[in-house]
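Novice:
Numbering (this note's numbering), first residue to last: 843 to 1045.
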C-alpha cells in the first residue's frame, strides 16, 4: 500500500479539524449580535393590546427560539469530541525494536528479522492511519453538520428579528403619549362681587 496516501488523508482530516476550530468564532459573534438585538427590542417595546404588538411578540418569540436552537447546534459542533492520533515517534520506534527482537528470538537472521519487522511496522502504521483517518473524518462530518445547522438557525433568527422591525417602528412613531391627569386639590378662591368693585375703584 502507498503510505503517502494514508499520510495525506490523515493530514487532511487534521487540517479540517483546525479549520473547524478556527471557524467557531464567527457563529459566536453572530449569536452575540443577534441576541443583543433581540434583547434591546424586547426591552424597548411598549406593549399593548393591539395588532402591532401581537406581530412583534410572534416574530421576536420565534427569533428567540431559533437563536436558542442555533446556540445548541453551535455548542454541539464545538464540545464533546476526541480526535484519534497515531502513536508518538518514540512509541513507534520502540514498537519497531520490539518487532525486531521478536523475530530474532524466533530464530530469524538479523537481516531477515529487520526486513520482516520493517514490513510489519509499515503495515501497522498504515492501519493506524486508516483507523485514525476514518474516525476523524466522521467527527469532522458531524461537526460540520452541526455548524451548518447552527449558522442556519442564526440566519433564521436574524430574518425574524428584521421582520419584527416594522411593528417596533410603528409603535415608536405612532404611539400615543400618555395623557397627564391634573387634579386640583384645593380650589383657587374667587373674589366676591364687592371686592371686585373695590378693585375697580382702586384701579
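Heads up, the beta-carbon is just placed ideally off N, CA and C, and yes, glycines get one too.
Could you say which of 857, 849, 909 lies nearest to residue 1001 if we only look at CA atoms?
Specialist: 909
Novice: Which residue comes first and which comes last in the alpha helix (DSSP H) that contains residue 908?
Specialist: 893–920
Novice: Within this structure, are the beta carbons of residue 981 and residue 1016 separated by less than 8 angstroms?
Specialist: For residue 981 and residue 1016, no; Cβs fall outside 8 angstroms.
Novice: With residue 930 as the anchor, note down where its alpha helix (DSSP H) starts and where it stops.
Specialist: Careful: residue 930 lies outside any alpha helix (DSSP H) and carries neither H nor E.
Novice: Near residue 988, which residues of its chain fall below 8 angstroms by C-beta distance, leaving aside the five closest residues on each side in sequence?
Specialist: Result list for residue 988: 915, 916, 918, 919, in chain order.
Novice: Go ahead and label residue 901 buried or exposed: buried means 16 or more other beta carbons lie within 10 angstroms of its beta carbon, across all protein chains shown.
Specialist: buried
Novice: Do residue 976 and residue 955 count as a contact pair if the criterion is CB distance below 8 angstroms?
Specialist: no
Novice: If you run the structure through DSSP and keep just helix, strand and coil, what is residue 955?
Specialist: Looking at residue 955 - three-state DSSP - the assignment turns out to be helix.
Novice: My understanding is that residue 873 touches residue 921, with C-beta atoms under 8 angstroms, so please give their C-beta distance in whole angstroms.
Specialist: With 8 angstroms as the limit, residue 873 and residue 921 do not qualify as a contact, their Cβ atoms being about 15 angstroms apart.
Novice: Compute the Euclidean distance between the alpha carbons of residue 1021 and residue 1011, then round it to the nearest angstrom.
Specialist: Legend: pLDDT at residue 1021 = 46, less than 50; position of this residue unreliable, no value from coordinates given.
Novice: Measure the C-alpha to C-alpha separation of residue 854 and residue 867 and round it to an integer number of angstroms.
Specialist: 21 angstroms
Novice: With 16 other CB atoms within 10 Å as the buried threshold, where does residue 961 fall?
Specialist: exposed
Novice: How is residue 866 classed by DSSP in three states: helix, strand or coil?
Specialist: coil
Novice: Helix, strand or coil: which one does DSSP assign to residue 890?
Specialist: Three-state result, residue 890: coil.
Novice: Residue 942 by DSSP, collapsed to three states: which one?
Specialist: helix
Novice: Do you know whose CA, among 847, 880, 886, lies nearest residue 903's CA?
Specialist: For the residues 847, 880, 886, the minimum Cα distance to residue 903 belongs to 880.
Novice: Let me confirm a value: residue 993 is counted as buried when at least 16 other C-beta atoms fall within 10 Å, else exposed. Which label applies?
Specialist: buried
Novice: Can you name, in chain order, every residue of its own chain whose Cβ lies under 8 angstroms from the Cβ of residue 886, other than the five neighbours on each side?
Specialist: 1010
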